[in-house]
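Visitor:
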Amino acid sequence: MKMKFSKEATIGVVSIISLVLLYIGVNYLKGINLFRPANHYYVACSNVKDVTISSPVFVEGFKVGLVRSISYDYSTTGKILVEISLEESMRINKGSYISLEKTLLSGGELHIHLNKYVDEYLKSGDTIEGRSPEDMMASVQEKMLPQIIDLLPKLDSILYSLQILVSHPALSQSLDHIEKTTASLEISSRRLNQLLGNDVPVIASNLKTTTDNFAALSEEMKNLNLKGSIQSLNLTIDNLGQTTMKLNAKDNSLGLLLNDTLLYNNLNETVVNASNLLIDLKQNPKRYVRFSLF
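Numbering (the UniProt record's numbering), first residue to last: 1 to 294.
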């Protein structure tokens, strides 16, 4: 038996399904995926200008979530709670903060600055400190203003010293000297240019001639029979070596004369005796030559 629904019940069911699909579709267009698990955090801000629902949330330039809702926290003074939805695997260290930045294309953006020096993490539903550009500028002013105030007397003293230095006559004289020196350098530069213009072509021509001579000399040396000359020199050295070896050996007359002491002494003694004989022959020729007529 088929169940019959009244016309009103059918219209009601269709309307409910349509509303659910519409809700899911609108959230999908906003970038909210109702079927993906996510962690929700709250950001306490003093100014949420340009931040809207579905504004992106970034960590080091990578999108990790978006804004789910924006509401005023009546329990505190001047704070606005921004609910953000982040990927389930995204964990935020304690002590981290979120800055609100404005862009030309997407309007307001939220950037998470992680405190990487802490190993403890926030839980889903915790509140994160939010910093708007105005808050950051006020913090910078609060830190810089005392330093600027302390710097003003020093700056005034520096300006006074500069004024005295500029008004000193020595500075004017130094500037005059610099101007004269510059003029002298300009004149010297002109003279140098003229000198180079006249002499450089001559120098270049001489260099070219010298280079050509070296090239011709190199060509002549290349054409010389260096190999044959070296072979002849080696042959001469070999012959000289063989002659030296023969002179040092005792198997020849010159070798014996140079190396045999006894032969040298006998020869020397013979020469001495011959010399003495000649002397005696000159002094006493009658001992050796006799003339007889009969």
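Backbone N, C-alpha and C define an ideal beta-carbon position, used for all residues, glycine too.
Predicted model, so just to flag it, every value in this text is computed and none were measured.
When DSSP builds the beta bridges, which residues end up paired with aspartate 73?
Guide: Lys79
Visitor: With distance defined between alpha-carbon atoms, name the residue in Tyr74, Ser96 and Ile70 nearest to serine 85.
Guide: Ile70
Visitor: Can you check DSSP and say which residues form a bridge with alanine 249?
Guide: The partner list for alanine 249 (beta bridge, DSSP) is empty, contrary to what the question assumes.
Visitor: Under a three-way DSSP split, which group does isoleucine 92 fall into?
Guide: coil
Visitor: To the nearest angstrom, how far is it from the Cα of serine 6 to the Cα of serine 54?
Guide: 40 Å
Visitor: For a quick check, are the C-beta atoms of glutamate 88 and valine 43 less than 9 Å apart?
Guide: no
Visitor: DSSP three-state label for tyrosine 117, please.
Guide: Coil at tyrosine 117, not helix or strand.
Visitor: For aspartate 119, which of His111, Ser188, Ile92 and Asp150 has the nearest alpha-carbon?
Guide: Ile92
Visitor: By the 10 Å Cβ neighbour count, where 16 or more other Cβ atoms means buried, how is leucine 162 classified, buried or exposed?
Guide: Counting Cβ neighbours within 10 Å, leucine 162 comes out exposed, since fewer than 16 surround it.
Visitor: What are the partner residues of glycine 197, as DSSP defines its beta bridges?
Guide: Bridge partners of glycine 197: none, in fact.
Visitor: Contact defined as beta carbons within less than 8 Å: I believe aspartate 50 pairs with glycine 125. What is the distance between those atoms, to the nearest angstrom?
Guide: Contact between aspartate 50 and glycine 125 does not hold, since their C-beta atoms are separated by about 26 Å, which reaches or exceeds 8 Å.
Visitor: Assuming glycine 130 and tyrosine 97 are in contact, meaning their beta carbons sit under 8 Å apart, how far apart are those beta carbons, in whole angstroms?
Guide: The Cβ separation is near 7 Å, so the contact holds.
Visitor: Alpha carbons only, please: which of Thr127, Thr103 and Gly95 is nearest the one belonging to tyrosine 117?
Guide: Checked all of Thr127, Thr103 and Gly95; the closest Cα to tyrosine 117 is Gly95.
Visitor: Where do the N-terminal and C-terminal ends of the beta strand (DSSP E) with lysine 102 fall, by residue?
Guide: 97-103
Visitor: Buried or exposed for leucine 281, going by 16 or more other Cβ atoms inside 10 Å?
Guide: exposed
Visitor: Can you tell me which of the three DSSP states serine 53 falls into?
Guide: Note on identity: in this sequence residue 53 is isoleucine, with serine being the wrong assignment. Coil.
Visitor: For leucine 100 versus serine 132, is the C-beta spacing smaller than 9 Å?
Guide: Between leucine 100 and serine 132, the C-beta gap is smaller than 9 Å, which places the two residues in contact.
Visitor: Would you tell me roughly how many angstroms separate the C-alpha atoms of leucine 159 and isoleucine 149, rounded to the nearest one?
Guide: 16 Å
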